[in-house]
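A.B. asks: Protein chains in written order, with our numbering: chain R, 0 to 170; chain V, -8 to 322.
Where is the CB? At the ideal position from N, CA and C, for every residue including glycine.
#1: Name the chain V residues whose beta carbon is nearer than 8 Å to that of residue 115/R?
#2: Whole angstroms are fine: how far does the CA of residue 222/V sit from the CA of residue 216/V?
#3: With 7 Å set as the bound, which would you pick, yes or no: does the beta-carbon of residue 132/R sit closer than that to a beta-carbon of chain V?
#4: If we call anything under 7 Å between Cβ atoms a contact, is residue 2/R one with residue 59/R?
#5: Flag this pair as yes or no: are the beta carbons of residue 170/V and residue 197/V separated by less than 7 Å?
#6: Does the stretch 43 to 54 of chain R come within contact of the stretch 145 to 156 of chain R, defined as at least 3 CB pairs closer than 8 Å?
#7: With DSSP collapsed to three states, give me the class of residue 139/V.
#8: Counting only runs of 3+ residues fully inside the stretch 122 to 184 of chain V, write out the beta strand (DSSP E) ranges in chain order.
#9: Does any C-beta atom of chain V lie closer than 7 Å to the C-beta of residue 140/R?
#10: Which residues does DSSP pair with residue 206/V in a beta bridge?
#11: So that I know if they touch, is there some Cβ in chain R lying closer than 7 Å to that of residue 35/V?
#12: Take every Cβ of the stretch 134 to 145 of chain V, pair it with every Cβ of the stretch 76 to 92 of chain V, and state whether three or more of those distances are shorter than 8 Å.
#13: What residue range does the alpha helix (DSSP H) around residue 364/V cover?
#14: Under 9 Å between beta-carbons, which chain V residues line up against residue 136/R? List them in chain order, please.
#15: Specify, as a first and last residue, the run of the beta strand (DSSP E) that residue 259/V falls within.
#16: Just the Cα atoms here: how many angstroms apart are residue 327/V and residue 8/R?
#17: For residue 10/R and residue 170/R, what's the separation of their Cα atoms in angstroms?
#18: With burial defined as no fewer than 16 other Cβ atoms inside 10 Å of the residue's Cβ, what is the status of residue 3/V: buried or exposed?
#19: Residue 223/V by DSSP, collapsed to three states: which one?
#20: Are the C-beta atoms of residue 57/R and some chain V residue less than 7 Å apart?
#21: So, with DSSP's three-state summary, where would you put residue 96/V?
#22: Distance check for residue 253/V and residue 144/V, CA to CA, integer angstroms please.
#23: Taking 8 Å as the threshold, find out whether the stretch 29 to 41 of chain R comes into contact with the stretch 136 to 150 of chain R through three or more Cβ pairs.
#24: Is the stretch 28 to 36 of chain V in contact with the stretch 145 to 160 of chain V, if contact means three or more CB pairs nearer than 8 Å?
#25: What is the DSSP secondary structure of residue 246/V, reduced to helix, strand or coil?
#26: Check whether the stretch 86 to 94 of chain R touches the stretch 55 to 74 of chain R, taking contact to mean three or more Cβ pairs, one atom from each stretch, closer than 8 Å.
#27: Can you name, in chain order, every residue of its own chain whose Cβ lies under 6 Å from the Cβ of residue 121/R, other than the five neighbours on each side?
#28: Beta-carbon within less than 6 Å of residue 62/R's beta-carbon, same chain only, minus the 5 sequence neighbours each way: which residues are those?
#29: Does the contact criterion of 3 or more C-beta pairs under 8 Å hold for the stretch 158 to 165 of chain V versus the stretch 225 to 236 of chain V?
#30: Evaluate contact between the stretch 104 to 115 of chain R and the stretch 74 to 82 of chain R, counting only Cβ atoms and requiring at least three cross-stretch pairs below 8 Å.
#31: How many Å lie between residue 15/V and residue 21/V at the Cα?
#32: Check whether the Cβ of residue 204/V lies closer than 7 Å to any Cβ atom in chain R.
#33: Going by alpha carbons, who is nearest to residue 41/V out of 120/V, 57/V and 141/V?
#34: With a cut-off of 7 Å, does the C-beta of residue 75/R fall near any C-beta of chain V?
#35: Within 7 Å (strictly less), CB to CB, does residue 380/V reach chain R?
#36: Going along chain V in order, which residues have a C-beta closer than 9 Å to the C-beta of residue 32/R?
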């Protein structure tokens, strides 16, 4: 039986979930929260989501999508253009090629994997941003940002896994 | 996606891999292309940034409200816990302020009379636009916030942004209904300042830490921890006399300033339109770049230098006549 128009639209809408979830996390990153620590260094929420989807559903969050989500992050956060695009693109491509390694393994393995991937990702972001601005940015903020990113990953991954199980089971 | 198999897979699979690899290389190059484009800092990039702020501002406007109310609740709990000490502190402060009020009244009378005697020209009236902070681009790489006012409310690039405590930053990009404010702690921020007591001039340069640096300070400048720092008004970008911060540390090679505002508690900000276009206006930049007679440029000779001096000259009057005109539509 051929799928109807609505069915196909439904599949397309569900297929957009990964990209949309990264967008929502970007907006959450922008929320003004009155915690002193978070205003100097915030967790890289978009990085977590891009890693998660690249490992679990690389077909739904492609390299091109990661590139444009990075561009959006740079535009919204006032960062030097192109840096986040490059970082998210590299993380997507690198994680998607190693995705098989994480399948059927306990979650802690994926957590360790992310903690490892996030180090070069944030380092590249720091180096390129410093180079484009023309002065070394304080590394302390990047280190705090890394720790927050690594520690908060399970929470974000749990949310994304819930969404994946409920909406993307048959897509 | 469903699993495919059969002869189609054998033909298309290598082709698809090649295409993916090509797309990947293309994307890498476009990322570096974007970096170059961003570095060139064209008006185009600025407009795209402003448009992206406009794009998310309706969502952020709604979503930031619950966040603000949660902040209010935590504030209330904190205040309840510190009620007694706060009351004691305020009692002492009130006594001091009453004494200051008397002094201020005497001085303002004296000032008014002296102004009458000297036929003093009053500085231009400050036009303020109040707006809410709807997003905080907190991070290790940039210090800026988004506010819910744009060109529709008369906000334009380069205007000073003030909180209850003092100067917060300047408008980096103004969209139609939202703008991005570059905080004075950002690494790209430079503000001409003056030390309140010694009247030494300097620049307040952000370096992405919470304590910006005082740079271009003369060697014989007398600066000590606790000195207040105000905007000097040089360059016409900011109104003079806005408090910015207090000198927090003085060492051999760096004087650091603690800003008066607390970033995580910014909620409502005021954008000050001083009637001056500032050194950051596109028109001035364009005119300074145009290969015309140097006497015609609006740079150095017409930049207001005194406190409250209005820039004069026919070209500047033209600027004042069209303050609301959006950037880029000028001939």
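C.D. replies: Looking at the atomic coordinates:
#1: Within chain V, no C-beta atom comes nearer than 8 Å to that of residue 115/R; the closest sits roughly 19 Å away.
#2: Take the alpha-carbon of residue 216/V and the one of residue 222/V: they are about 18 Å apart.
#3: Yes, contact with chain V.
#4: It is not a contact, given that the beta carbons lie outside the stated cut-off.
#5: Residue 170/V places its beta carbon 7 Å or farther from that of residue 197/V.
#6: As far as the Cβ criterion goes, the stretch 43 to 54 of chain R touches the stretch 145 to 156 of chain R, which means the pair count is three or higher.
#7: Residue 139/V: coil per DSSP, three-state reduction.
#8: Fully enclosed beta strand (DSSP E) runs of 3 or longer: 135 to 138, 151 to 153, 158 to 165 and 170 to 174.
#9: Look at residue 140/R: its C-beta is under 7 Å from a C-beta on chain V.
#10: Bridge partners of residue 206/V: 194/V.
#11: Under the 7 Å criterion on CB atoms, residue 35/V is classed as non-interfacial with respect to chain R.
#12: No, they do not touch.
#13: Beyond the ends of chain V as shown, which are -8 and 322, falls residue 364/V; an answer cannot be given.
#14: Ordered by position in chain V, the residues that pass the 9 Å Cβ test against residue 136/R are 131, 132, 178, 198 and 199.
#15: It spans 259 to 264 - the beta strand (DSSP E) in which residue 259/V sits, taken as one unbroken run.
#16: There is no way to answer for residue 327/V, as the model of chain V reaches only from -8 to 322.
#17: Annotation: residue 10/R to residue 170/R spans about 6 Å, alpha carbon to alpha carbon.
#18: Exposed is the call here.
#19: Three-state result, residue 223/V: coil.
#20: Not an interface residue.
#21: Note: residue 96/V maps to helix in three-state DSSP.
#22: Cα to Cα, residue 144/V sits roughly 25 Å from residue 253/V.
#23: Inter-segment contact for the stretch 29 to 41 of chain R and the stretch 136 to 150 of chain R is present: three or more beta-carbon pairs are separated by less than 8 Å.
#24: Because the criterion of three Cβ pairs below 8 Å is not met, the stretch 28 to 36 of chain V and the stretch 145 to 160 of chain V do not touch.
#25: Correct three-state label for residue 246/V: strand.
#26: With a cut-off of 8 Å, the stretch 55 to 74 of chain R and the stretch 86 to 94 of chain R count as touching, because enough Cβ pairs lie within range.
#27: So the qualifying residues of the chain are 141 and 145.
#28: Excluding sequence neighbours, residue 62/R sits near 88, 91 and 92.
#29: Taking a cut-off of 8 Å on C-beta distances, the stretch 158 to 165 of chain V touches the stretch 225 to 236 of chain V, as three or more cross pairs fall below it.
#30: Touching, no, given that fewer than three Cβ pairs across the two stretches are closer than 8 Å.
#31: Their backbone Cα atoms lie some 10 Å apart in a straight line.
#32: Output row for residue 204/V: interface = no.
#33: The shortest Cα separation from residue 41/V among 120/V, 57/V and 141/V belongs to 141/V.
#34: Interface annotation, residue 75/R: in contact with chain V, CB-CB separation under 7 Å.
#35: Because residue 380/V is not part of the residues shown, which for chain V are -8 to 322, the question remains open.
#36: Near residue 32/R (Cβ distances below 9 Å), the residues of chain V are 58, 61, 62, 127, 129 and 255.
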